[in-house]
Structure formats: structure tokens, C-alpha cells
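The sequence shown begins at 293 in my numbering and counts up by one. The structure appears right after this line, and notes come after that.
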Amino acid sequence: PKTIAQAAGGAPVHVAHFMSVCPEIGSQMTFSKPDGSVAFDDFHRWAQPPEQMIERYFNLAFNAVDDSHYRIDAVLYDLSCDIEAKTVRIIIKVTIEDEDDSDMDWSQVMDEKVAIKTVSAAAFAEGATQATKQVVDKVAARLRKIIDADKNRQVERK
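The following block contains the structure:
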């Protein structure tokens, strides 16, 4: 099977520092309640801030390098578990910049949900991984289109 980096065209990609704009997203796991309130789990914490975990996932998925004309960055808006719906939700804005052609830049807010069987810290972590993979797969598909368009332009110039 192809890796995500291969599926995206195999070009070197730089993954920039990801940010979170939501102060609630921290080391504590965040659960949303049916009444719209948010609960923080005092006993189960992320190993590192979620935006850093997601950045690491992207780095591994794309075999990231420090120097590339394709750059991915992201802003995390939400990573939470809905207690009633039994879903994990990630809302993240991902941007791909093509340093050679700003017309090819792309940015999108993605809202992905993954169903979980039980509401637990382990299920939340697994759901967060699955939701992040869904985002990465969509970014890889878009990156592939950008890389293909770049290759076509290079051929046309010759």
C-alpha cells in the first residue's frame, strides 16, 4: 500500500508549526455535554497539546522536511468528544502554500467527526487519531492536485 506521502505525489513537504486558537484545548481531554457545556477530564490528559500531536502526525504522514516549496500549516479550533452523540470532532483549518506559485495556495476549514463505541479516554484518543487521518487524507488529495498542476505547468513551459 502507498504511504500518504506517496499518495500525495512524493514531493518534499514542510510542515510548519501548528497552532490552536481555542484556549480550552489544552492537555486535558475536552468533553461536550448535551446541554452545550464543556467538561474537562482532570484524570486523563493528552501526552502533549493536541495541536502538537496533530503536527507530529502530519510530519510523519508526509515524511516532512525543513526545506520544500510546499508548506502545510494548520490552526486547530476544536478537538472534543461529544458524550451524547458518542463522536470525536476535530475542526481544523489547513493551508497548503506553494512557494513557486501563490495561485496554487489552498486553505480550508475541515470539520471531521468519528463515531466511537464508548465514551472513554482510550476511545477519545483512538477517535482523534481516526479524525486526524481523515483530515490528512483530504490534505494529501489536495496536495496531489497541486503537485500535478505544477508538473503540468513545467511541461507546458518546455
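Glycine included, each C-beta is placed from N, C-alpha and C at the ideal position.
- No residue range can be given for A339, since it is assigned to no beta strand (DSSP E) and is classified by DSSP as neither H nor E.
- When only Cα atoms are considered, V357 and H336 end up about 32 angstroms apart.
- In the three-state DSSP reduction, I438 falls in the helix class (H, G or I).
- Excluding sequence positions up to five before and after W398, its CB lies within less than 8 angstroms of the CB of T387, I388, R434, I438, all in the same chain and listed in chain order.
- For V305 and K425, the gap between their C-alpha atoms comes out near 17 angstroms.
- Under the three-pair Cβ rule at 8 angstroms, the segment 348 to 355 does not count as touching the segment 395 to 410.
- Counting the other Cβ atoms within 10 Å of the Cβ of E343 gives 16 or more, which makes it buried.
- Beta-bridge partners of T322 (DSSP): F332.
- Only residues of its own chain outside the window of five on either side were considered, and among them V380, I382, E404, V406 have a CB closer than 6 angstroms to the CB of A423, listed in chain order.
- Within its own chain, the residues whose Cβ lies closer than 8 angstroms to the Cβ of F310, once the five positions on either side in sequence are excluded, are E343, Q344, I346, E347, F350, D365, A366, V367, L368, listed in chain order.
- Nearest to R363 by alpha-carbon distance, out of V307, D327, R436, is V307.
- Put simply, the backbone Cα of V428 is about 31 angstroms away from that of D327.
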